[in-house]
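Since the structure comes first, as structure tokens, the remarks are kept for the end.
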Amino acid sequence: MKRYVMAVCALLAVSCGDGPTTPAPGTPQPNTINFTAALSAANEVPPVTNAESSARGAARIQMNVTRDAAGAITAATWNFVFDVTGFPAGSSIILTHIHEAAPGVNGGVVVNSGLSAATGVILVSGAQSNLTYNNLAPQSGSGPLAQRMIDNPNGFYFNSHTPLNPGGAVRGPLVRVP
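For reference, each letter of the sequence shown is one residue, going 26 to 203 in our numbering.
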């Protein structure tokens, strides 16, 4: 009887662990993954200290993935919706995209929104809500990029650029939303 009780206790101890960190085989994986980013001029590297230093905002990023039969991501597209505030009246957002780098480090652009200096948004009152841009064509290497973003969202950041701060005016690390 004592052996039976010990076996049951051992079985319970094993089954009460954290469980697998990856889904069980055959478990459907999501094709839409959402992220947010809290944007701040202080998050830029170096931090913005000029007239746009009080700028802030929020971004919502929807990543849509295509998977193969095994569930591996083969391609991805992104949709961006963001709000900005605290800019001087008349400022304009001329670029916005996702970079790959940890907080405190500058990194290269990996997903472009399509916004450009030619299509910039003038912030008449220094703020704008629901700016929406879509990256609808999967870029080369978007499958592995999407998987890296899912695995380590904090290794990526969203930022927006202005003529006054062409290196970046507001920035925030990505956070995956369940």
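C-beta: ideal position from N, C-alpha, C; glycine also.
As the structure is a prediction and not an experimental result, all values here were calculated from the model.
- According to DSSP, residue pairing for aspartate 108 in a beta bridge involves Ala83.
- The beta carbon of alanine 142 is closer than 6 Å to those of Ile119 in its chain, skipping five residues each way along the sequence.
- Where proline 169 is concerned, the enclosing alpha helix (DSSP H) starts and stops at 167-176.
- Out of Pro178, Ala66, Gly139, the CA that lies nearest to the CA of phenylalanine 105 is found in Gly139.
- DSSP places alanine 142 within a helical segment (H, G or I) once states are collapsed to three.
- Of the candidates Pro113, Ala83, Ala171, Asn68, Ala171 places its Cα closest to the Cα of threonine 99.
- If you draw a 10 Å sphere on the C-beta of glutamine 54, you find fewer than 16 other C-beta atoms in it, and that means exposed.
- Per the C-alpha coordinates, the member of Gly192, Ser79, Leu189, Gly166 positioned closest to alanine 101 is Gly166.
- Between asparagine 179 and proline 128 a beta carbon distance of about 7 Å is seen, short of the 8 Å cut, so the two are scored as contacting.
- For asparagine 75, the secondary structure class from DSSP, reduced to helix, strand or coil, is coil.
- Looking only at Gly151, Ser116, Gln164, the smallest Cα-Cα distance to valine 135 is reached by Gln164.
- Under the three-state reduction of DSSP output, asparagine 179 falls in the helix class.
- Threonine 91 is bridged by DSSP to Ala100.
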